[in-house]
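Below you'll find the structure, written out as structure tokens, and then a few comments.
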Amino acid sequence: MEVREKIQTELTHELMLEMYWIMLLSRRIDERAWLLHRQGKFPFHISGIGHEAAQVGAAFALKRGKDWLVPYYRDLAMVLAFGLTPAEFALGLMGKKGEPSSGARQMPSHWGLRRANIISTSSPVGTQTPHAAGIGFAIKYRGDDAIVLTSIGEGSTSQGEWYEGVNWAAIHQLPVIFLVENNEYAISVPRSKQMAVSNVAEKANGLGLPGITVNGLDVIEVYDAVKSAADRARAGGGPTLIEATVLRMTPHSSDDDDRMYRSREEIEEMKQKDPVNAFRDYLIQQNIITEAAQEKFQSRAKEEVNAAIKFAEDTPYPDVEDASYPVYAEDIRHG
Ligand SMILES: Cc1ncc(C[n+]2csc(CCOP(=O)(O)OP(=O)(O)O)c2C)c(N)n1
Ligand SMILES: [Mg+2]
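Mapped onto the working numbering, the consecutive letters of the sequence shown carry residue numbers 1258 to 1592.
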């Protein structure tokens, strides 16, 4: 990872350590989710492993608690950065009582967190884009100082809704950041079969907004790009499309067997570029963290993951009589 002068002045060591902590925590709880799934503790997991740098770089460039987030299913690290707790994530995995996104109705990783301005996620991919454009329109209409970031996979930018949402934001110069986490696959379909352009950022040319591609394995590069786009959006400069190139280091989900369509060599190569390890090495190299302090982070992550899983295991399933809420606004009991 290169050192960038401008960002070094903005990103304190403390903030960089916080970024690393969220990346590590996300990685460790994600890995544990795979293990627990294979033990039959719950039926489904979808992973953010390999996407952590893009997600944390983006989240830290926003005003968390004030700005709006319309994420997608891989964004574990992003929502942890916005304030979802590991215990809440674990409740979602197991469909337990108190799960904050939907009262345990949704599949795991269909985020929603009212207290953190995270909008609930629908399973049909692409639907989040017009939602984000609509939120951007409301922000502009009301004269608020907030912005909205929505994320999506590169494959889902083939959906009609994606073009409609981005087009609307460009026409009305809305304060929206469209973050595309390009991992080169839509389940088994490679990017080359998903679009005729060589990268997603090029699509911005036809829609009338700036589009850039950044290295999504470099948390600081992503932070830099999202921070510039956020500053511009907040100042009335309109939307930006940011494509972050990432790695999907796991199968698409726990229901997928990626040996059917990609080689094991490809996965081994990815491990050399692991974004969590890259940031750890960078922090050590720059004397921002010592080896010993880094080890402490590791053990703290393990403890937090153990505690989150135990909490969810000890929590009961929702009561049967709660099955019919919250359907109407007046019946919403979750914070
Ligand atoms: C409208 C719609 N079509 C198909 C699906 C099934 N589906 C779920 S995820 C996915 C792949 C999405 O790939 P991409 O956008 O690249 O995101 P990634 O999973 O790679 O992060 C598909 C086809 C869906 N959920 N919604
Ligand atoms: Mg993809």
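Think of the CB as a built atom: it goes at the ideal place given N, C-alpha and C, for glycine as much as any other residue. It should be emphasised that the depicted structure is a prediction, and the values quoted were computed from it without experimental measurement.
Is it true that the CB of Ser1445 sits closer than 9 Å to the CB of Tyr1518? yes
Quick one: give me the first and last residue of the beta strand (DSSP E) that Asn1472 is part of. 1468 to 1472
Tell me Leu1498's beta-bridge partners as DSSP assigns them. Phe1435, Gly1468
What residue from Leu1406, Ile1375, Leu1431, Ile1524 has the CA that sits closest to Tyr1200's CA? Nothing about residue 1200 can be read from this structure; the chain reaches only from 1258 to 1592.
Beta bridge counterpart(s) of Ser1408 as assigned by DSSP: Leu1436
Proximity test, Cβ basis, 9 Å: Lys1320 and chain D: The structure shown contains no chain D; it is built from a single protein chain.
Are at least three pairs of beta-carbons, each pair with one atom in the segment 1413 to 1429 and one in the segment 1461 to 1475, less than 8 Å apart? yes
What I want to know is whether the C-beta of Gly1410 ends up closer than 8 Å to one or more non-hydrogen atoms of ligand 2. Because some heavy atom of ligand 2 lies under 8 Å away, the Cβ of Gly1410 counts as near it: yes.
Let me check you understand the geometry: is the CB of Tyr1442 closer than 8 Å to at least one non-hydrogen atom of ligand 1? yes
Could you check whether Ala1315 and Tyr1574 sit closer than 9 Å to each other, using their CB atoms as the reference points? no
For the segment 1358 to 1376 against the segment 1306 to 1320, are there 3 or more C-beta pairs whose distance is under 8 Å? no
For Val1577, count neighbouring C-beta atoms within 10 Å of its own C-beta (all shown protein chains included) and say buried if the count is 16 or more, exposed if not. Exposed, because fewer than 16 other Cβ atoms sit within 10 Å of the Cβ of Val1577.
Sequence-distant residues of its chain with Cβ nearer than 7 Å to Arg1537 (five each side left out): Tyr1277, Gln1551
Please name the residue in Gly1305, Asn1534, Ala1344 whose C-alpha comes closest to that of Glu1560. It is Ala1344 whose Cα lies nearest to the Cα of Glu1560.
For Val1446, name the three-state secondary structure that DSSP assigns. strand
Where Trp1368 sits in the DSSP three-state scheme: Coil, per DSSP.
If contact is defined by three or more beta carbon pairs under 8 Å, each pair taking one atom from either stretch, is the segment 1324 to 1340 in contact with the segment 1388 to 1408? They touch, by the three-pair rule.
From Ala1373, Ser1358, Val1327, pick the residue whose C-alpha is nearest to that of Pro1387; which is it? Val1327
What are the start and end residues of the alpha helix (DSSP H) that includes Val1313? 1309 to 1317
Below 8 Å on the Cβ atoms is my contact criterion, and I expect Ala1565 with Ala1338 to pass it. Report the Cβ-Cβ distance as a whole number of Å. Actually they do not touch by this definition, with Cβ atoms about 16 Å apart.
Could you say which of Gly1412, Asp1324, Ala1373, Ser1358 lies nearest to Ala1395 if we only look at CA atoms? Ala1395 has its Cα closest to that of Asp1324, out of Gly1412, Asp1324, Ala1373, Ser1358.
May I ask you to verify whether the segment 1451 to 1458 touches the segment 1514 to 1530, counting CB pairs closer than 8 Å and requiring at least 3? no
In terms of residues, what are the limits of the alpha helix (DSSP H) holding Leu1272? According to the DSSP assignment, Leu1272 belongs to the alpha helix (DSSP H) that extends over 1270 to 1295.
I need the DSSP call for Val1327, collapsed to helix, strand or coil. Residue state, collapsed to three classes: strand.
Would you say the beta carbon of Glu1438 is closer than 8 Å to some non-hydrogen atom of ligand 2? With a cut-off of 8 Å, the C-beta of Glu1438 is classified as near ligand 2, since at least one heavy atom of the ligand falls inside that distance.
Ile1428 versus Asn1439 - alpha carbon distance: 25 Å
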